[in-house]
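Q:
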Amino acid sequence: ATLTCALPKELSSKAIYWYKQNVGETLKLILALYKNTPPEYGPEFSNSRFNVNNDKNFSNLIILKTIQEDEGIYHCGITEWINAEWSGTYLLVKGNIQRTSNYSVVQQPTASKPVRTGDTVTLECSVLSESQTEACPGDYNVFWFRAGSQKSHPNIIYSDGNRKNECAKRSETQKNCVYHFSKNISAFDAGTYYCAVATCGEILFGNGTSVELDYGNHIKEQKVLYQEHKMTNCTKLRVKLMKN
C-alpha cells in the first residue's frame, strides 16, 4: 500500500512526520524525515516494512506486504519553521471481514443537487445499532471524510465524537443515532463525503454522498455582467459622438 501526502511548494528546511493511529488509540510515530538525512523510525516500526520516498510534490509512505493489522488512520504532518500542515488517510485492508459490532451506517442523500460556491450543504448520517448488547461495550466516534474528484485518498475533515443526545430507540432491539454535517462550499470542496463510525476496533463507512459544483450559473452571471459593462461603454461612446 502507498499513502500520499501533498507537499507545500516551498521546500527549504521542512520536517515530515508519518504517524499511525488505531481506532480509539493515540498516534504512534512511524518515522520522521528531515531534509538531507535518512528517516528516523519510531520504536514499533522499521524499514523492513515501511519505506518513504519524496519528490517535489508528494511524500509517499510505502507499506510492504500489507497485513490486516496495518488498517487504521495514517497521519502526515509537515512543519516549516513555525507553520504546520496536517492530513490524515484511513487505510482499509481488503479481506478484513472479522466484524465484532452490530452497527450499520447509512448516509442521506447519496448525491446532492449541484451547488454553487457559497452555498451550505448539510449531510445526514444514520448509525443503526441492531442490538443493545454489544460484543464490545463502549462508545463510538463518528468521523467525516472527503475524497476529491480525482480519485484521491479520503481525508479526515471533521470528527463528531460521541453525542448520545441525537439517538432514539426504534424498537426493543434497535437504536438509531442521526448526525449532521454542514459545510459552506468553496470552489475546492467537490468530491464524495463519507460518514464513518469507529467502534470495536474497526471503522464502518457509509455509502457516501457526492457533492458537485454548478459552474453554469456563475459563468452565466459573469457573461451578463460583461455584456452590461460592454453596453455601458457603447452608450458612453454614442453620447460622445453625438456631442461632437
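Final position of the sequence shown in UniProt numbering is 244; the numbers increase by one with none missing.
Don't be surprised by glycine CBs; every beta carbon is placed ideally from N, CA and C.
By the 10 Å Cβ neighbour count, where 16 or more other Cβ atoms means buried, how is Y74 classified, buried or exposed?
A: Numbered from 1 along the sequence shown, position 74 holds the residue referred to as residue 74. It is buried - the Cβ of Y74 has at least 16 other Cβ atoms within 10 Å.
Q: Would you please state the rounded distance, in angstroms, between the beta carbons of V52 and P39? I believe it to be under 8 Å.
A: Taking the first residue of the sequence shown as position 1, residue 52 is located at position 52. Taking the first residue of the sequence shown as position 1, residue 39 is located at position 39. The Cβ separation is near 6 Å, so the contact holds.
Q: Between the stretch 85 to 93 and the stretch 101 to 111, do at least 3 Cβ pairs fall closer than 8 Å?
A: no
Q: Closer than 8 Å by C-beta to L27: which residues in its own chain qualify, once you throw out the five before and the five after it? Chain order, please.
A: As a first step, residue 27 is located in the sequence shown; it is residue number 27 there, counting from the start. Correct list, in chain order: Y19, K20, Q21 and H75.
Q: Using 10 angstroms around the beta-carbon of Q222, count the other beta-carbons present and answer buried if the total reaches 16, otherwise exposed.
A: Position 222 of the sequence shown, counted from the start, is the residue given in the question as residue 222. Any reading at Q222 must be qualified, since the residue scores a pLDDT of 42, below 50, and its modelled position is unreliable; the value itself is stated next. Flag for Q222 reads exposed.
Q: Sorted by chain position, which residues of the same chain lie with C-beta nearer than 6 Å to N184's C-beta, five sequence neighbours on each side aside?
A: As a position in the sequence shown, residue 184 is number 184, starting the count at 1. Counting only Cβ-Cβ distances below 6 Å, and skipping sequence neighbours, we find T120.
Q: Output the boundary residues of the beta strand (DSSP E) element that contains T209.
A: Here residue 209 refers to the residue found at position 209 of the sequence shown. Looking at the DSSP string, the run of the beta strand (DSSP E) that includes T209 is T209 to V211.
Q: Mind pulling the beta strand (DSSP E) runs of 3 or more residues that sit fully within the stretch 9 to 74?
A: Whole beta strand (DSSP E) segments, 3+ residues: 15 to 21, 28 to 34, 50 to 54 and 58 to 63.
Q: Indicate whether at least one CB of chain C lies closer than 8 Å to the CB of G118.
A: Chain labels in this structure do not include chain C; a single protein chain is all it has.
Q: By Cβ distance, which residues of its chain are closer than 7 Å to D214, with the 5 residues on each side in sequence left out?
A: The residue you call residue 214 lines up with position 214 of the sequence shown. Closer than 7 Å at the Cβ level, and outside the excluded window around D214, lie P114, V115 and R116.
Q: Starting from the Cα of N141, find the closest Cα among T199, L92, N102 and T2 and give me that residue.
A: Residue 141 sits at position 141 when you count from the first residue of the sequence shown. The shortest C-alpha separation from N141 is found at T199.
Q: Mapping the DSSP letters down to three states, classify G191 as helix, strand or coil.
A: Here residue 191 refers to the residue found at position 191 when the sequence shown is read from its first residue. DSSP places G191 in strand when its eight states are reduced to three.
Q: Relative to the C-alpha of S126, which candidate in F45, I67, S46 and F181 has its C-alpha closest?
A: Numbered from 1 along the sequence shown, position 126 holds the residue referred to as residue 126. Nearest option by C-alpha distance: F181.
Q: Who are the Cβ neighbours of G72 in its own chain at under 8 Å, not counting the five residues just before and after it?
A: The sequence position of residue 72 within the sequence shown is 72, counting from 1. Contacts found: K20, Q21, N22, V23, Y90 and L91.
Q: Can you list, in chain order, the residues of its chain whose CB lies under 7 Å from that of N57, leaving out five sequence neighbours each side?
A: As a working mapping, residue 57 is identified with position 57 in the sequence shown. Taking N57 as the centre and dropping the five residues before and after it, the same chain places the C-beta of A6 and L7 closer than 7 Å to its C-beta, in chain order.
Q: For F145, count the other beta carbons within 10 Å of its own beta carbon; 16 or more makes it buried, fewer makes it exposed. Which is it?
A: Indexing the sequence shown from 1 puts residue 145 at position 145. It counts as buried.
Q: DSSP has Y179 in a bridge; who is on the other side?
A: Residue mapping note: residue 179 aligns to position 179 of the sequence shown, counting from 1. In DSSP, Y179 forms a bridge with C125.
Q: In the DSSP assignment, what residue or residues form a beta bridge with I78?
A: Within the sequence shown, residue 78 is the residue found at index 78, counting from 1. Beta-bridge partners of I78 (DSSP): I16 and E85.
Q: How many whole angstroms separate the CB atoms of K14 and I78, which I take to be in contact at a CB cut-off of 8 Å?
A: For the purposes of this step, residue 14 is identified with residue 14 of the sequence shown, where counting begins at 1. For the purposes of this step, residue 78 is identified with residue 78 of the sequence shown, where counting begins at 1. Correct: roughly 6 Å between the Cβ atoms.
Q: Would you mind reading off the limits of the beta strand (DSSP E) that contains T117?
A: Translated into the one-based positions of the sequence shown, residue 117 becomes position 117. Where T117 is concerned, there is no enclosing beta strand (DSSP E), given that its DSSP letter is neither H nor E.
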